[in-house]
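What follows is a single structure, written as structure tokens, with notes after it.
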Amino acid sequence: MIEPAERRALSELSRLDWAPTQEDVWSPLDIHIDELNGDVGEALLRAFEEAENAKVRCPLGLVIEGRQGAGKTHLVRWAREQVQLRHGYFFLMGIADGRSFWTSIVHAFLRGLRRSGSYRHQQLSVFLGALAEIAQVTDATRLMARGDRPITPEALAQLVNGVRRAYPEAGRDCRHTLRALVLIASPEEEVADAAESWLLSADDGTADTLKEWGLPAGLKKPQEVAGEISRLLAITGPTMLAVDQIDTIFAQARTSAGEPIDLAADLGNGLMQLREVLSRTVTVVACLPTSWNLIRKFALDSVTNRFRQETRLTVLPSPEIAERLLAAKFEPFFETADFDPPYPTWPILPEAFATATDFTPRKLLQRADDHVESCLDRSVVVQLTDFHKVARPEQRIAPNTPPEHLAGFDVRLAELRGQAKIGDATDPAHEDQTMPRLLDAGLRAWTIEQGERRSRYKVQPGEDGSPSLHAWLRETLDDTSEDEAQWSFRALSHPHHRAVQTRLRRLRDFANLRQEISKRRAVLLRNTDWPGGPVSRRVRQEFLDLGGIITEVSEDDLRTFDALATMLDEHDPALPHWLVSRQPAWNTALFTTVFGPPSAQKLGTEVPNTADEPEAENEISLGSSDGRPVRATLESLRKHTVIFAGSGSGKTVLIRRIIEECAIHGVSAIVLDPNNDLARLGDPWPTPPDEWGPDDPRKAADYLDGTDVVVWTPRRESGRPLSLQPLPDFKAVLDEPDEFALALDAAVAALAPRARMAANTAKADRGRAVLKQAMAHFARRGGGGLADFVDLLKDLPHEAATLAKAYELAADMAETLQAAMVNDPLFGGAGVALDPGVLMTPAAGKRARISVVNFVGLPTDEQRQSFVNQLQMALFAWVKRHPAGDKPLGGLFVMDEAQTLVPSGPVTACTESALALASQARKYGLGLIFATQAPKGIHNRVVGNAATQFYGFLNSPTQIAAAKEVAQAKGSAVLEISRLKAGEFYAVAEGKPFRRLKTPMCLSYHPKSALSAEEVLRRARAQ
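What follows is the structure, encoded as structure tokens:
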């Protein structure tokens, strides 16, 4: 057991923050070890000194490359502190791309001017105060210029004229931008908002407001504004501009094959122009090597001439440095807990650091955090000797918190909610001070409620002053590429239209919303009516069109957030267990709207027993969502299904399980098997798989006992061949004139294309007439096979035709049909005739037949397409004669690798027949299932006719983007397809929202490897 003092210390250590954010860049530096990347730090200072000594020009920029977690953001944070200690200005560029590069630079300046960092006041106040000194204005004007008092037009003119006297050229060229910068410091919100709109080149009707302040109605381009702000800053001191989000930008932009290339070119060209446009500014780019390589490769050649590439940040240089780093990180937590550790890195022994020499600083801190959490979870202090033996989050066990302790948190929450005073949160005068605390607490609680996934999330509070946002949530999607999903939150209760427009733009531009990038989301909270003017409506609609969310936040939610803020500050070690168990943050209306309903399958929650909920008579099981069963009616499958998923996704298992579930209900299926992985549909499992549910053993026995599985092998006589026999059994209909006529017409329709007599020409008309007369004569003489009929055509009897050139036409058609039989062995060849009735009719004593049509004898796409075309035409004709009637589902036709048969590009031999089935088969009760690894590779009319859609794991950025584009037509939320595990799918059905499913294991045997060709043939022969 852990002693109380040790538990208190470990609880404090569990708050260790190992992933700095952009907000952390502005906070005081807690530790810095010179030996850790000190040479790069010195290079940063040398570059800044060059800017410091310059009058106007910019020195070469610096590129700091480093792998994920190597300390790039920490170094930027240290540089910010050093720059401000040297009386310079520091700015941090947020998320940007080439299309909004200069707008993002202006935003970086405006956001940075509102930050203080190491200064006592905002950088804007420091900057304007310095300009006032240069302009030699009165004390009263200086106070007004800094924003300490409302400014007057006369005072503004005095300042502008004073700067112009001291710096004639810059003062003249930048006078309007200077006026706007002074006005954004004004305590009068309307004036400050109008000036900010002007600086952001926003055409929102602020001309009248700004006219009295000497600002023109015409707007400058963002690049001009950025250059003029920099020129004015350069008068008072040097600047460092840090760019620290490039990796995330590249990772988020991988929505198509060309997107990162275009982005690299645009970003690189923007970075190159910085040195020409800005003044006395050193640009520092911190990024992964892959990101800078993209820029070097695809931007203009001259970009590399404007940056020095410094040594890459890598791993910890020695065990001693690793130990010093962790000791420095642990020290403040021990002080807070009033705990005297037996050694500085307790409970991690000094010898453990010899095993961390291949770690980055972040990896070291992550492993330390995991070990601390593991000790708390197990209630045992383990003295760690090897970082490679740390229990990972998925290996940890849940803490054994007594139920009465959890109930105590329930009481505490109710008590604090009742005491909460949250009026200021929706007061325009106080929301910027109150709402960040509430949203920060709510989001921190929500991340803890994610259980083992909590370490992937990072909550960042809003900025000081008038912020762009009140809280920022980031989720790490890929450590290697630094890919993230991001949610930006801001409350906005201000009634004035200009304040609303300005703040909404700030939020939109901070999040850099793009329709094509679903990983960036912005949430605006507003409980009051929207301003009614045209500009306000336009700005609102633009925000929504880009994917922004505008929603209300209830008083009930705010009370919960206020209570959670207090509970988090109390640092009870058992609080995380209670949060995971009760999920109070996730159950708020706001977070349910933004993140979807809470998952039931979390630590400490009860998951419904799906075995206790029997399926309805005409329902099949598709798996579970949040621990609850998900089912589909057989009738819904009439409207077709499409599955988008790649290798390793569980796509084949899902296909099989749907087929098996339908077979249990007496629904037969024709299944195309291009990859030899569906021919085992009749094989029992040697031993029950672990993934089976409680009812699956019974289901498997029922399925295998009642299902007739037959494997067919077209063109492989050593298996169970199928052949295209165009001639019916005429003997059976000779005595039925109507039936005979129909059979005759069907036979002619089947042979005419093969005989090249299907065209709309006079010769083709005569050819079909000869075929019909010859066929009738052939049938009345006893009929036979296709070869017999061809022999008859070669030597056509006189009584078999009446046309003048019948013998010539017959001989020509005989040769053409003979050639078709040679070129296509399926045509009239050996094997069972291709008859959907045979393929769909079960043997005696069975409920359903599954006909697996294996392609082992059809090696080329053209052969497969030709065969499938014949099968689809025959199937369409058969279902029209044998509709399902009152049955919910008459049969299934399953097409795996559909992109090769019904592609979105060139028309294949089977495209038209497939589209005919997709659009009309539902009327007759036939359901289609299409599966593909290429979402945009399948014909859009197939996808459009599929009411049920599944989206599984895909790892190609191009295919992921294509799947998301297809899903948008179904109203999808963000689909993180690359993070799905095997057997996990997003699913949507008609009238149902998207939800994430865990699909069940199939009922028939499905090992990891597919069958060989010989194994397929053996199965076909044995049945």
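Just so it is clear: in the sequence shown, position 963 is 963 by UniProt numbering, and no numbers are missing. From the three backbone atoms N, C-alpha and C, an ideal C-beta is built for every residue, glycine too.
> Relative to the alpha-carbon of residue 725, which residue among 705, 742, 750 and 736 has its alpha-carbon at the smallest distance?
Replying inline: 750
> Would you call residue 458 buried or exposed, if buried means 16 or more other Cβ atoms sit within 10 Å of its Cβ?
Replying inline: buried
> Buried or exposed: residue 567, going by 16 or more other Cβ atoms within 10 Å of its Cβ?
Replying inline: buried
> Which residue from 945, 940 and 579 puts its Cα closest to that of residue 409?
Replying inline: 579
> For the segment 282-297 against the segment 60-69, are there 3 or more C-beta pairs whose distance is under 8 Å?
Replying inline: yes
> In this structure, does DSSP put residue 487 in helix, strand or coil?
Replying inline: strand
> Touching or not, the segment 688-696 and the segment 833-852, by the rule of three or more beta carbon pairs under 8 Å?
Replying inline: no
> Quick one: what's got a C-beta closer than 6 Å to residue 539's C-beta in the same chain, skipping five residues either side?
Replying inline: 501 and 504
>> Quick check on the DSSP output: the alpha helix (DSSP H) that includes residue 821 runs from which residue to which?
In response: 806-823
>> Beta-carbon within less than 6 Å of residue 344's beta-carbon, same chain only, minus the 5 sequence neighbours each way: which residues are those?
In response: 327
>> According to DSSP, is residue 7 part of a helix, a strand, or is it coil?
In response: helix
>> Tell me which residue opens and which closes the beta strand (DSSP E) that residue 459 is part of.
In response: 457-461
> Is the beta carbon of residue 810 less than 8 Å from the beta carbon of residue 770?
Replying inline: yes
>> Am I right that residue 951 and residue 985 are in contact with their C-beta atoms under 8 Å? What's the rounded C-beta distance?
In response: 6 Å
> How many whole angstroms separate the CB atoms of residue 489 and residue 439, which I take to be in contact at a CB cut-off of 8 Å?
Replying inline: 5 Å
> Are at least three pairs of beta-carbons, each pair with one atom in the segment 237-247 and one in the segment 46-59, less than 8 Å apart?
Replying inline: yes
> Who does residue 521 pair with in a DSSP beta bridge?
Replying inline: 487
> In terms of residue numbering, what span does the beta strand (DSSP E) encompassing residue 699 cover?
Replying inline: Taken as a continuous stretch (DSSP letters only), residue 699 belongs to no beta strand (DSSP E), being part of the alpha helix (DSSP H) at 696-706.
>> Determine whether the beta carbon atoms of residue 375 and residue 16 lie at a separation below 8 Å.
In response: no
> How about residue 659 and residue 960: do their beta carbons lie closer than 8 Å?
Replying inline: no
>> How far does the beta strand (DSSP E) with residue 851 in it extend, from its first residue to its last?
In response: 848-854
> Out of curiosity, what's the CA-to-CA distance linking residue 423 and residue 193?
Replying inline: 25 Å
> Between the C-alpha atoms of residue 263 and residue 106, what's the straight-line distance to the nearest angstrom?
Replying inline: 19 Å
> Using a beta-carbon distance below 8 Å, is residue 326 in contact with chain B?
Replying inline: Within the model displayed, chain B is absent; a lone protein chain is all it includes.
>> Just to confirm my understanding: we take residue 1, look at its own chain, exclude 5 residues before and 5 after, and list those with CB closer than 8 Å. What are they?
In response: 379 and 380
> What is the DSSP secondary structure of residue 375, counted as helix, strand or coil?
Replying inline: helix
>> Whole angstroms are fine: how far does the CA of residue 762 sit from the CA of residue 717?
In response: 40 Å
> Once you ignore the five residues that flank residue 469 on each side, which residues in its own chain have a CB closer than 7 Å to its CB?
Replying inline: 462, 488, 489, 490, 507 and 510
> What do you get for residue 1021, buried or exposed, if any count of 16 or more other CB atoms within 10 angstroms of its CB means buried?
Replying inline: exposed
> residue 73 to residue 315, Cα distance in whole Å?
Replying inline: 15 Å
>> Looking only at its chain, what residues have a beta carbon closer than 6 Å to the beta carbon of residue 1014, apart from the 5 residues adjacent to it on each side?
In response: none
> Do you know how far the Cα of residue 102 is from the Cα of residue 155?
Replying inline: 31 Å
> Does the pairing of the segment 416-434 with the segment 535-549 give three or more beta-carbon distances under 8 Å?
Replying inline: no
> Are the segment 339-359 and the segment 382-390 in contact at 8 Å, needing three or more beta carbon pairs?
Replying inline: yes
>> Within the continuous alpha helix (DSSP H) that includes residue 642, where are the two ends?
In response: From DSSP, residue 642 is part of no alpha helix (DSSP H) but of the beta strand (DSSP E) over 641-644.
> Rounded C-beta distance between residue 892 and residue 667? I'm assuming under 8 Å.
Replying inline: 6 Å
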